[in-house]
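Colleague: Structure incoming, see below.
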Amino acid sequence: MSSVLQALNQGLHAAFEADDRVVLIGEDLLDPYGGAFKVSRGLSSKYPQRVMTSPVSEAGIVGVAGGMALRGLRPVVEIMFGDFSTLIADQMINGLSKFQGMYNGQAQVPVVVRTPMGGRRGYGPTHSQTLEKLYLGVPGLRTLAANTLSDPGALLKAAILEDDGPVLFVENKLLYAKPVLDAETLKDFEVEVQAIDAGYAPTHLLKLKGSPTPALTLAAYGYMAELGREALLRLAFEHEIFCELVVPNQLAPLASQGRLEEALADSLGRTGRLLTIEEGTFSLGWGAEIAARAAHQLGGQLRATNRVAAAEEPIPASIALEAKALPDVDDILAAARAMV
Amino acid sequence: MRAPEDLYREMSRIRHFEETVLDAFPSGVFYGTTHTYLGQEANAVAVLSQRAAGDIVFSNHRCHGHFIAYGGDMRALFAELMGKPTGVCGGKGGSQHLHWKDFYSNGVLGSTAPVATGAALAEKAKGSGAATVIFLGDGALGQGVLYESLNMAALWGAPILFVLEDNAIAQTTPRELALAGDIQARFEAFGIQSTALNSSDVEEIGSAAEPLLGAVRAGEGPRALVVQTVRFGPHSKGDDTRDAHKMAKLRAARDPLEILGARLKADERIKIEAAAKAEVQEAFAQAQKDPEAV
């Protein structure tokens, strides 16, 4: 069983192997270091001409990647910490994400910007955040979040090789060490796989095999899907509350015409209750959008919604205070029990 | 370099195009806003008359002159300003956001610099031999990402020519209120060889650009051309806060069409002017007849 880190590294190697238009730009990429979280390890040795270790210029390297993509390359950018995604906002929002639309479909921008997000490592206020919500809803930009339910390397490879538009690829730091789940690990679950608008990024729907009618739909992505899975088991075995868990790889765009994606619509059709779980801050986030769509689409059939998310304060460096600020399994259990 | 008659024709086409835009704007035929290139025509024509097939051009908000000098179609540009489907980008880009062949413009100052650098690096990686030219104004010198780009362009030997059109004003803010230090020294600090001149003479600017473009094409890395120029018109429409008397004097002394025109035969010059004007009028009339977006 490979870890998420190994899978991502293999995905990058596979993309480099498959297409010599793939290049990598980022800070501290050269072996033996191989990037701050080692996702890029081995690439600079094997493809020295195609790996550009860069100055500390996040906006600049994303713009450079955009220009390379306009001219036919397929660049991957590594942004060392997701917190620095603030630095690339103009290039992402007023540049890369707009080129296809504002140039009337006459330009393609196959760029993948990879970045680790998330806390629980004591890195403090500027190296622990989950900021992807700042990018959700930007037209022309796809935002993906790796998880353990499908091979994150395969997802990354598809984003690099098959997507002709810009992609923000989010990797939660705590996922790196987690194993990519196999059938054996998931043997207690019935797993359905769909995709938003028939795209390449799968959404997984998990139900406990043989469980009675579910009472609640949990929706989570990235590392929070790990906590969601643990909460699902504990709710079933400790509290006899049966849930389904929906885990999208694609955070944006959501399904067309303001609708819920099918996996969520199906599950909510059975449960009528939605609990969204995210590591970003509580207000105005991914969960709020999912809940709004659910309310619109289900009307009176939606009996309850709630959100579990981070406190709205700078993430403290202290381990005790950080744990209080970020959502954990107990928060999910408490929220779920209050809804059923 | 091209014959003076050709250079004059290109500048005249830009002049008539931009005058038509400003004159017609109040009638409501265009939508949104515009930034005209009046007075700066020599820069675009001097540099882009030396372009080779496959060369890439990046431009800014003041892009009409660059687009026309690149060979862009004036009817399509008028139509773009009118928001019509026949426009350069189907009316989606408008005045500041153009892409046609290897020409790209975008509206956020300085934001084009890393993108152009990346485009140049891609061509270098592909071995295409194409040069990239990016036009920037003095206003863009306030943006940090420009300096990131100069650093990377020099570090990685990007085949790119930075053309800095210093018109001494950013919207309404004069250069002395926004810029410390020296412009040319900014490029030199990154090891980018540069030439600076204060001129509205297309032939003089062209002569300065020629060896720089040659070095870029020869793979010697980035170069910079810094031209002190004069923006004759407002920043966009009717927002010129400069002293009218001073501007009149500058217009008289620094008109690139007058400077080059004085070297042409009078009847030849009149013929070129008339043909350029007719071409612009025809393009404008055709664009007006083009169907509206639905």
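So the sequences go chain by chain: A and B. Heads up, the working numbering is the position in the first sequence plus 273, with the first residue counted as 1. Here the working numbering is used: position 287 in the second sequence is 268, and no number is missing along the way. Glycine included, C-beta positions come from ideal geometry on N, C-alpha and C. Every value quoted in this text rests on a predicted model; they were computed, and no experiment measured them.
1. Check whether chain A comes within 8 angstroms of leucine 238 of chain B, counting only Cβ atoms and requiring the distance to be less than that.
2. In the structure shown, what three-state DSSP assignment does histidine 45 of chain B receive?
3. Under 8 angstroms Cβ-Cβ, which residues of chain B neighbour glycine 345 of chain A?
4. Just list the residues that DSSP pairs methionine 325 of chain A with in beta bridges.
5. Is there at least one Cβ from chain A nearer than 8 angstroms to histidine 78 of chain B's Cβ?
6. Taking a cut of 7 angstroms between CB atoms, which residues from the stretch 108 to 134 of chain B lie near chain A?
7. Is the beta carbon of glycine 339 of chain A less than 8 angstroms from the beta carbon of glycine 91 of chain B?
8. Among A:Ser313, A:Ala309 and A:Tyr306, which residue has its Cα nearest to the Cα of valine 296 of chain A?
9. Taking Cβ-Cβ distances below 9 angstroms as the criterion, which residues of the stretch 354 to 379 of chain A are in contact with chain B?
10. Return the residue from the list B:Ala94, B:Gly35 and B:Gly118 that minimises the CA-CA distance to glutamine 152 of chain B.
11. Quick one: grab the DSSP three-state call for tryptophan 559 of chain A.
12. In angstroms with no decimal places, state the Cα-to-Cα distance between histidine 286 of chain A and serine 591 of chain A.
13. Mind pulling the chain A residues with CB within less than 7 angstroms of threonine 309 of chain B?
14. List the residues of chain A that tyrosine -11 of chain B touches, going by C-beta distances under 9 angstroms, in chain order.
15. Kindly indicate the opening and closing residues of the alpha helix (DSSP H) around arginine 502 of chain A.
16. How about serine 330 of chain A: is its C-beta nearer than 8 angstroms to some C-beta of chain B?
17. For glutamate 444 of chain A, name the three-state secondary structure that DSSP assigns.
18. Whose Cβ in chain B lies nearer than 8 angstroms to the Cβ of serine 573 of chain A?
19. List, in order along the chain, the chain B residues whose C-beta lies closer than 7 angstroms to that of glycine 333 of chain A?
20. So, glutamate 562 of chain A versus leucine 527 of chain A, is the Cβ gap smaller than 8 angstroms?
21. Tell me the DSSP secondary structure of leucine 583 of chain A in three-state form.
22. Taking 8 angstroms as the CB-CB cut-off, is serine 40 of chain B touching chain A?
23. Of all the CB atoms in chain A, is at least one closer than 8 angstroms to the CB of glycine 53 of chain B?
24. Are the beta-carbon atoms of leucine 575 of chain A and alanine 565 of chain A separated by less than 8 angstroms?
25. DSSP three-state call for histidine 286 of chain A: helix, strand or coil?
26. Under 8 angstroms, Cβ to Cβ, is there at least one residue of chain A near lysine 73 of chain B?
27. Kindly indicate which residue of B:Phe48, B:Lys107 and B:Leu131 has the alpha-carbon position closest to the one of tyrosine 85 of chain B.
28. In whole angstroms, what separates the C-alpha of glutamate -1 of chain B from that of threonine 17 of chain B?
29. Per DSSP, which residues does tryptophan 81 of chain B bridge with? Please list them.
30. Which first and last residues belong to the alpha helix (DSSP H) in which methionine 375 of chain A is found?
31. With DSSP collapsed to three states, give me the class of proline 140 of chain B.
32. State buried or exposed for arginine 276 of chain B, treating a residue as buried only when at least 16 other CB atoms are found within 10 Å of its CB.
Modeller: With the given structure in hand:
1. Not one chain A Cβ lies under 8 angstroms of leucine 238 of chain B.
2. Per DSSP, reduced to three states, the secondary structure at histidine 45 of chain B is helical.
3. Neighbours of glycine 345 of chain A across chain B, judged by C-beta separation under 8 angstroms: Ala103 and Lys107.
4. Looking at the DSSP assignment, methionine 325 of chain A forms a beta bridge with A:Ile298.
5. Closer than 8 angstroms to some Cβ of chain A, the Cβ of histidine 78 of chain B qualifies, so yes.
6. For chain A, the residues of the stretch 108 to 134 of chain B that bring a beta carbon within less than 7 angstroms of one of its beta carbons are Val126, Glu129, Ser130, Asn132 and Met133, in chain order.
7. No, Cβ-Cβ distance for glycine 339 of chain A and glycine 91 of chain B is not below 8 angstroms.
8. Among A:Ser313, A:Ala309 and A:Tyr306, the Cα nearest to that of valine 296 of chain A is on A:Ser313.
9. The residues in question are Asp363, Gln364, Asn367, Gly368, Leu369, Lys371, Phe372, Gly374, Met375, Tyr376, Asn377, Gly378 and Gln379.
10. Checked all of B:Ala94, B:Gly35 and B:Gly118; the closest Cα to glutamine 152 of chain B is B:Gly118.
11. Tryptophan 559 of chain A falls in the helix class under three-state DSSP.
12. Between histidine 286 of chain A and serine 591 of chain A, the C-alpha separation is close to 37 angstroms.
13. Outside the displayed range of chain B (-18 to 275) lies residue 309 of chain B, so it cannot be described from this structure.
14. Chain A residues near tyrosine -11 of chain B: none, gap ~32 angstroms exceeds 9 angstroms.
15. Element bounds for arginine 502 of chain A: 496 to 512.
16. Taking Cβ atoms only, chain B reaches closer than 8 angstroms to serine 330 of chain A, which makes this a yes.
17. Three-state DSSP puts glutamate 444 of chain A in a strand.
18. Here the sequence assigns glycine to residue 573 of chain A, which means serine is not the residue at that position. Within chain B, no residue comes near glycine 573 of chain A; the closest Cβ sits about 38 angstroms away, beyond 8 angstroms.
19. Within chain B, the C-beta atoms nearer than 7 angstroms to that of glycine 333 of chain A come from Pro95, Val126, Glu129, Ser130 and Met133, in chain order.
20. Against a cut-off of 8 angstroms, the Cβ pair of leucine 527 of chain A and glutamate 562 of chain A comes out as a contact.
21. For clarity, residue 583 of chain A is alanine in the given sequence; the question names leucine instead. Reduced to three states, the DSSP call for alanine 583 of chain A is strand.
22. By this cut-off, serine 40 of chain B is not an interface position.
23. No, glycine 53 of chain B lies away from the interface with chain A (no Cβ there is under 8 angstroms from its Cβ).
24. Result no, Cβ atoms of leucine 575 of chain A and alanine 565 of chain A do not sit closer than 8 angstroms.
25. Histidine 286 of chain A: helix per DSSP, three-state reduction.
26. Lysine 73 of chain B counts as touching chain A.
27. If we check each option's Cα against that of tyrosine 85 of chain B, B:Phe48 comes out closest.
28. Rounded to the nearest angstrom, the two C-alpha atoms are 6 angstroms apart.
29. Bridge partners of tryptophan 81 of chain B: B:Phe84.
30. Where methionine 375 of chain A is concerned, the enclosing alpha helix (DSSP H) stretches over 370 to 375.
31. Residue state for proline 140 of chain B is assigned as coil, using DSSP reduced to three classes.
32. The shown model of chain B, from -18 to 275, leaves out residue 276 of chain B, and the question about it has no answer.
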